[in-house]
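Visitor: Residue numbers (the numbering used here), protein chains in the order written: chain F, 26 to 276; chain H, 3 to 134. For each residue, glycine too, the CB sits at the ideal point set by N, CA and C.
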Amino acid sequence: MSENLKIIEIEVLRYHPESDREPHLEVYKVPFTDDMSVLQGAQYIKDNFDGSLTFRWSCRMAICGSCGMMINGIPKLSCETFLRDYHPNRIRIEALAHFPIEKDLVVDLSGFIEKLESIQPYIIPKEPRSLEQGEYLQSPQQFNDYIQFTSCINCTLCYAACPQFGLNPDFIGPAAIALLHRYNMDSRDGAAEERMELVASEEGVFNCSAVGYCSVVCPKHVDPANAVNINKTNAAKDYFLRFLSPKGGSK
Amino acid sequence: MSKRRPYVRSMDGWWKKNPYFIEYMIHESTALFVAAYAFILLVGLVRLGQGEAAWSGWLDALKSPLSLTCHVVFLVAILYHTYTWFKIMPITMPPIIVGGKRVGPEVITGSGLLAALVASLVLLGLVWRLAL
Ligand code: SF4
Ligand code: FES
Numbered sequence: 026m027s028e029n030l031k032i033i034e035i036e037v038l039r040y041h042p043e044s045d046r047e048p049h050l051e052v053y054k055v056p057f058t059d060d061m062s063v064l065q066g067a068q069y070i071k072d073n074f075d076g077s078l079t080f081r082w083s084c085r086m087a088i089c090g091s092c093g094m095m096i097n098g099i100p101k102l103s104c105e106t107f108l109r110d111y112h113p114n115r116i117r118i119e120a121l122a123h124f125p126i127e128k129d130l131v132v133d134l135s136g137f138i139e140k141l142e143s144i145q146p147y148i149i150p151k152e153p154r155s156l157e158q159g160e161y162l163q164s165p166q167q168f169n170d171y172i173q174f175t176s177c178i179n180c181t182l183c184y185a186a187c188p189q190f191g192l193n194p195d196f197i198g199p200a201a202i203a204l205l206h207r208y209n210m211d212s213r214d215g216a217a218e219e220r221m222e223l224v225a226s227e228e229g230v231f232n233c234s235a236v237g238y239c240s241v242v243c244p245k246h247v248d249p250a251n252a253v254n255i256n257k258t259n260a261a262k263d264y265f266l267r268f269l270s271p272k273g274g275s276k
Numbered sequence: 003m004s005k006r007r008p009y010v011r012s013m014d015g016w017w018k019k020n021p022y023f024i025e026y027m028i029h030e031s032t033a034l035f036v037a038a039y040a041f042i043l044l045v046g047l048v049r050l051g052q053g054e055a056a057w058s059g060w061l062d063a064l065k066s067p068l069s070l071t072c073h074v075v076f077l078v079a080i081l082y083h084t085y086t087w088f089k090i091m092p093i094t095m096p097p098i099i100v101g102g103k104r105v106g107p108e109v110i111t112g113s114g115l116l117a118a119l120v121a122s123l124v125l126l127g128l129v130w131r132l133a134l
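Printed below as a string of structure tokens:
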């Protein structure tokens, strides 16, 4: 080991479903260099101390969204968070908050996947369109209306930042609503009314009490809190429109 | 048989776990002071309807040291509430486009605070003139 190699203590929340009744903390002393991410710290532990340590990762460049964890209590992508920024203090890594822990740092995302499906995350055209009509044209303005909400990488950091999701796991939550908003705002889409039922439902936007932390932790500046809150206004409008016109908003 | 046994962590004391949540809770609880102050004004209105003696009694009660202390506390709480309220305002609004560009969150928060300041000053000015 070279002399300028520093050592950082990494405290990991471990949980093994077959042998542990509940999670517990374990500390590892990890030698690191300045270019090492927290993810690499976890990989070092797995390679050198305990091969059973379980965590998700793939791209290690903040693109795939799989390496999210609580780092000193804050939801972050571990591949773009650096050990040097915590040294000489101890660093604690835990599975993303508010999700059930499957094993160690891996959480159960099945609920999230179901929510993504439920918002109909695809363009549902206003009316059928024939090939002869050619491609859709979209102005830069129409493009700007939704582009920000396409940047989501499904890292679910926003869910780990949302106490309302923690208190009510049925809440559709920030990222899924941001994606719903992305399709609603797309000039090619015509299904906003269909999606309204979900927006205004028990699981919908009114679970949000505007804590706003989801938008703070989002690594891709999606601003999911904005999508959620705009849809509160939309749902309220839809509700009152139903009194005004016989056809009204959605059903 | 599945060996899965997903562990659900407790949400007890969630708001103490992050400074951001603590600020959120303070923000939410200062709304109670706003409500309390509105209630005091409402009582004043009721007392006014009950005649001169009731109204003067209410005015005297406002001048008591306890009431003055309360007012200072209310003022601080309401100022904090105003500040944090406008701070989260940008995330609650649809984008505002001016000259082809989206208006930044600082501008929205700043304008909100400015509007609150101007409204307070105008109100203060009016009341001042009435009192003279
Ligand atoms: S909205 Fe942001 S924080 Fe939430 S899943 Fe998408 S990229 Fe991650
Ligand atoms: S490993 Fe892909 S986002 Fe971190």
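Note down the Cα distance separating F:V52 from F:T58, rounded to an integer number of angstroms.
Guide: So the two alpha carbons sit approximately 19 Å from each other.
Visitor: Under a three-way DSSP split, which group does H:S113 fall into?
Guide: Helix, per DSSP.
Visitor: So, does the CB of F:D110 fall closer than 8 Å to a CB anywhere in chain H?
Guide: No, no contact with chain H.
Visitor: Closer than 7 Å from C-beta to any heavy atom of the ligand FES: which residues, in chain order?
Guide: Matched residues: F:L64, F:W82, F:S83, F:C84, F:R85, F:M86, F:A87, F:I88, F:C89, F:G90, F:S91, F:C92, F:L102, F:S103, F:C104, F:E105, F:I178 and F:C180.
Visitor: Which bits of chain F does H:P67 rub up against, with CB to CB less than 7 Å?
Guide: None at all; the shortest Cβ gap to chain F is about 37 Å.
Visitor: Please specify which runs of the alpha helix (DSSP H), each continuous and at least 4 residues long, are wholly inside the segment 106 to 191 of chain F, giving them in chain order.
Guide: Qualifying alpha helix (DSSP H) stretches, in chain order: 135 to 143, 165 to 172 and 182 to 185.
Visitor: Name the DSSP bridge partner or partners of F:G93?
Guide: For F:G93, which the question treats as bridged, DSSP gives the partners F:L102.
Visitor: Pull up the CB-CB distance for H:I93 and F:N259, whole angstroms please, since I reckon it's below 8 Å.
Guide: Contact flag wrong, Cβ pair sits at about 15 Å.
Visitor: In the DSSP assignment, find the unbroken beta strand (DSSP E) run with F:H49 in it and report its ends.
Guide: Taken as a continuous stretch (DSSP letters only), the beta strand (DSSP E) holding F:H49 covers H49 to F57.
Visitor: Can you name the start and end residues of the beta strand (DSSP E) that F:I35 belongs to?
Guide: Run containing F:I35: K31 to R39, per the beta strand (DSSP E) assignment.
Visitor: Taking all protein chains shown into account, decide if F:S62 is buried (16 or more other Cβ within 10 angstroms of its Cβ) or exposed.
Guide: Classification of F:S62: buried, given that the 10 Å Cβ count is 16 or more.
Visitor: Assign F:S103 to one of two classes, buried (16 or more other C-beta atoms within 10 Å of its C-beta) or exposed (fewer than that).
Guide: Classification of F:S103: buried, given that the 10 Å Cβ count is 16 or more.
Visitor: Below 7 Å, is the gap between the Cβ of F:E269 and the nearest heavy atom of the ligand SF4?
Guide: Contrary to the premise, residue 269 of chain F reads as Leu rather than Glu in this sequence. Checking every heavy atom of the ligand SF4 against the Cβ of F:L269, none is found closer than 7 Å.
Visitor: Against chain H, which members of the segment 220 to 242 of chain F pass a CB distance test of less than 8 Å?
Guide: Listed by position along the chain: S234, A235, V236, G237, Y238, S240 and V241.
Visitor: Below 8 Å between beta carbons: does that hold for F:R220 and F:N209?
Guide: The answer is yes: Cβ separation under 8 Å.
Visitor: For H:M3, which of F:E43, F:I99 and F:S226 has the nearest alpha-carbon?
Guide: Among F:E43, F:I99 and F:S226, the Cα nearest to that of H:M3 belongs to F:E43.
Visitor: Using a C-beta to C-beta distance shorter than 7 Å, which residues of chain H count as neighbours of F:N254?
Guide: Simply I93 and T94.
Visitor: Following the continuous alpha helix (DSSP H) through H:P21, name the residue where it begins and the one where it ends.
Guide: Taken as a continuous stretch (DSSP letters only), the alpha helix (DSSP H) holding H:P21 covers P21 to G51.
Visitor: Express the C-alpha separation of F:L182 and F:D110 in angstroms, rounding to a whole number.
Guide: Whole-angstrom Cα-Cα distance: 20 Å.
Visitor: Following a CB-centred definition, is F:K140 positioned closer than 7 Å to any heavy atom of the ligand SF4?
Guide: No, the Cβ of F:K140 stays beyond 7 Å of every heavy atom of the ligand SF4.
Visitor: Cutting at 6 Å between CB atoms, please list the residues of its own chain near H:R49, excluding the five before and the five after it.
Guide: Counting only Cβ-Cβ distances below 6 Å, and skipping sequence neighbours, we find A56, W57 and W60.
Visitor: Nearest-angstrom Cα distance between F:K276 and H:Y82?
Guide: Summary for F:K276: the model assigns pLDDT 45, below 50, so the residue's position carries little reliability, and this model does not support an answer.
Visitor: For F:I202 versus F:A252, is the C-beta distance shorter than 8 Å?
Guide: Against a cut-off of 8 Å, the Cβ pair of F:A252 and F:I202 comes out as a contact.
Visitor: Leaving out five residues on either side along the sequence, give the residues of the same chain with a beta carbon under 6 Å from the beta carbon of F:I70.
Guide: So the list reads Y53 and L78, once near-sequence residues are dropped.
Visitor: Secondary structure at F:S275, three-state DSSP: helix, strand or coil?
Guide: Because F:S275 carries a pLDDT of 49, less than 50, the predicted location of this residue cannot be relied on, and no value is offered for it.
Visitor: Could you check whether the segment 6 to 19 of chain H touches the segment 119 to 130 of chain F, counting it as contact only if at least three pairs of C-beta atoms, one from each stretch, sit closer than 8 Å?
Guide: Judged by Cβ distances under 8 Å, the segment 6 to 19 of chain H makes contact with the segment 119 to 130 of chain F, as three or more pairs qualify.
Visitor: Give the interface partners of F:D133 over in chain H, defined as CB-CB distance under 7 Å, in chain order.
Guide: The answer, in chain order, is P8.
Visitor: According to DSSP, is H:V100 helix, strand or coil?
Guide: It is a strand residue.
Visitor: Looking at chain F, which residues of the segment 72 to 85 of chain H have a Cβ within less than 9 Å of any of its Cβ atoms?
Guide: Within the segment 72 to 85 of chain H, no residue has a Cβ that lies closer than 9 Å to any Cβ of chain F.
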